[in-house]
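Following: one structure in structure tokens, then a few remarks.
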């Protein structure tokens, strides 16, 4: 509190006494109007899908979609769940997304730790190599990657195709390799804000590097991990380019690419498809809401303080 | 005083082994799965290959490139659409996302609700986004035509089928996602901004807008660079939302994009690998311009 402008606050009882900012007139009505209008407009398409998914097909067929509902039920959700084998495809998604996100975070944290803490000459080149790799268009990689995956054998207990092709391992591997760049970039920016003295002190105490990494640096990076886990879960779970091109059998595909099959396999019932589509969004929504609090604060893209 | 960073000579053998392992594994994965295929694509672009037997690869020099540039009807429309995509995204959703982030950065109530509502389209999978916009754009039962009917204009518009309209319809859906993405990225940048700089500007009598344009925007250069790169890269490699809304069958008249043409040529039975790779390399060359600019801007300062 350097400023001496206590006048507005003496008249009104201060609601947030902890706020250490100069007093500012509260004229946020316009701002709320703007943000609320945009939010509402942004929610309309989603709410329309929810509305459609709650109505029975017979109702909308008779009265059109743009009508008041005669009947509202969750029948489409239960039908989509049981008819399309969704639990199986959800399991496929889980099998790919969880290891891929954890692997990406762990490896990129290690690389970021390395490039920010050790003065090796390769650091800048390494960081550029990882960051640039993430920006290459996926279509540029796909043909050679497909051939490569056909050449790499896997033991039977890892893949029933005996190859990296047509197996979840292949999808996990390419996600990790491809996504590490972005995470390394964000994490190295975040780690730069951790004072060097902290790890220096540990080094002087004789703590081995792996303990500095696991016990000092990783816990300090928790907000960045929360932000990256949110973004990476969304990207990896929602991606369907790699499964589409690197997985041959339909029933090994994750739920997002399997959903396209739902349309052809059953007669076209948009209400049922809307319900199925909305259900596939539940996992990413859960991750987003669980980690929302740290999401923005942990996303250090480059500090404005430098 | 010791140097600010640890020097490798002070590390024991266990430490070196640990570091070699945790950096070596992801580095190997990156080189083998990303950079090796990228280089192989460049090599394949100078060949003709049906994608079946490796012995069927025959070198053709620049044949694929001359073919694409002079004798491949969808190529120039696709380039035009990619450019249109970039201009649209750079002029509307990107500045709008920054604008929203600027307003969210003021300490107001309900900020988390606003953030969530606008970022939500980014959380949804593209399958969901595709279906959502299909039931909006459907010519017979869609929300948009129903609203137009209710408003009295007799519109039976095939939003996703009409080659003059469908790209714009997809761009609206894409902007719906992109705005929230840019908003969140920029908001993260604004939150990391040193508040004392803003206070200093306010004490000098600058209003909110002046402070933003004269103080915050120039100081947030690293974030600005990221926003520009994200916009350029998303526009160049735009794929999934067009793929879904185009019915999942590759490029459709009016919606040709470079990424879809590559997929047309190398995925499935068509087997024009050399041709598709040449298209991919053309996309890569344009992307490299963006990547290079980004790397120079971001890492120049540190190369001391």
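Protein chains in written order, with the working numbering: chain A, 1 to 306; chain B, 1 to 304.
Each residue gets a CB set at the ideal place from its N, CA and C atoms; glycine is no exception.
One thing to note: residue 256 of chain A has its Cβ no nearer than 7 Å to the Cβ of residue 241 of chain A.
Two segments are said to touch when three or more pairs of C-beta atoms, one from each, lie closer than 8 Å; by this definition the region 157-168 of chain A does not touch the region 66-80 of chain A. With contact defined as three or more Cβ pairs closer than 8 Å, the region 103-119 of chain B and the region 34-46 of chain A are in contact. Along the region 177-189 of chain A, going in chain order, the ones with a CB nearer than 9 Å to a CB of chain B are 177, 178, 180, 181, 184, 185, 189.
Within the same chain, and ignoring the five residues on either side of residue 240 of chain B in sequence, the residues whose Cβ sits closer than 6 Å to its Cβ are 126. Per DSSP, residue 164 of chain B is not a residue of any alpha helix (DSSP H), being assigned neither H nor E.
For residue 42 of chain A, at least one C-beta of chain B is nearer than 7 Å to its own C-beta. Look at residue 178 of chain B: its C-beta is not under 7 Å from any C-beta on chain A.
Counting along the chain, residue 252 of chain A sits inside no alpha helix (DSSP H), nor does DSSP assign it H or E at all. For residue 111 of chain A, the enclosing alpha helix (DSSP H) covers residues 86-117. When C-beta distances to chain B are compared with 9 Å, the residues of the region 235-248 of chain A below that value are 237, 238, 239, 240, 241, 244, 245, in chain order.
For residue 229 of chain B, same chain residues with a beta-carbon under 7 Å away, outside a window of 5 residues either side, are 290, 294 in chain order. The three-state secondary structure of residue 61 of chain B, taken from DSSP, is coil. Of all residues in the region 135-146 of chain A, the ones placed with a Cβ closer than 9 Å to any Cβ belonging to chain B are 135, 136, 137, 138, 139, 140, 141, 142, 143, 144, 145, 146, in chain order. Measuring C-alpha to C-alpha distances from residue 235 of chain A to each of A:63, A:70, A:98, A:73 identifies A:98 as the nearest.
Counting C-beta pairs closer than 8 Å gives fewer than three between the region 205-216 of chain B and the region 13-31 of chain B, which falls short of the contact rule. Each of A:143, A:117, A:112 was checked against the Cα of residue 128 of chain A, and the nearest Cα belongs to A:112. Straight across, the Cα-Cα distance linking residue 279 of chain B with residue 91 of chain B is about 27 Å. In the pairwise beta carbon analysis, the region 86-101 of chain A is classified as not touching the region 209-227 of chain A: fewer than three pairs are separated by under 8 Å. Across the structure, residue 243 of chain A and residue 51 of chain A are spaced so that their CA atoms are roughly 31 Å apart. By alpha-carbon distance to residue 251 of chain B, the top candidate from B:205, B:52, B:75, B:152 is B:75. Relative to residue 151 of chain A, the option among B:77, B:206, B:62, B:53 whose CA is nearest is B:53. Nearest C-alpha to residue 214 of chain A among B:22, B:282, B:265: B:22. Counting along the chain, residue 51 of chain B sits inside no alpha helix (DSSP H), nor does DSSP assign it H or E at all. Residue state for residue 163 of chain A is assigned as strand, using DSSP reduced to three classes. Listed along chain A, the residues sitting closer than 9 Å to residue 240 of chain B by beta-carbon distance are 238, 239, 240, 241.
Between residue 130 of chain A and residue 141 of chain A, the alpha-carbon positions lie close to 15 Å from each other.
Under the three-state reduction of DSSP, residue 153 of chain A is assigned to strand. Here residue 59 of chain A is buried. Its C-beta has 16 or more other C-beta atoms within 10 Å. Taking 7 Å as the cut-off, the Cβ atoms of residue 72 of chain A and residue 54 of chain A count as close. Note that the C-beta distance between residue 30 of chain B and residue 177 of chain A is below 7 Å. The C-alpha of residue 11 of chain B is placed about 9 Å away from the C-alpha of residue 208 of chain A. DSSP, reduced to helix, strand and coil, places residue 183 of chain A within a helical segment of the structure shown.
Contact note: residue 122 of chain B reaches chain A through 234, using a C-beta cutoff of 8 Å and chain order.
About 7 Å separates the beta carbon of residue 137 of chain A from that of residue 284 of chain B, a gap short enough to meet the 8 Å contact definition.
According to the DSSP assignment, residue 273 of chain B belongs to the alpha helix (DSSP H) that extends over 273-299.
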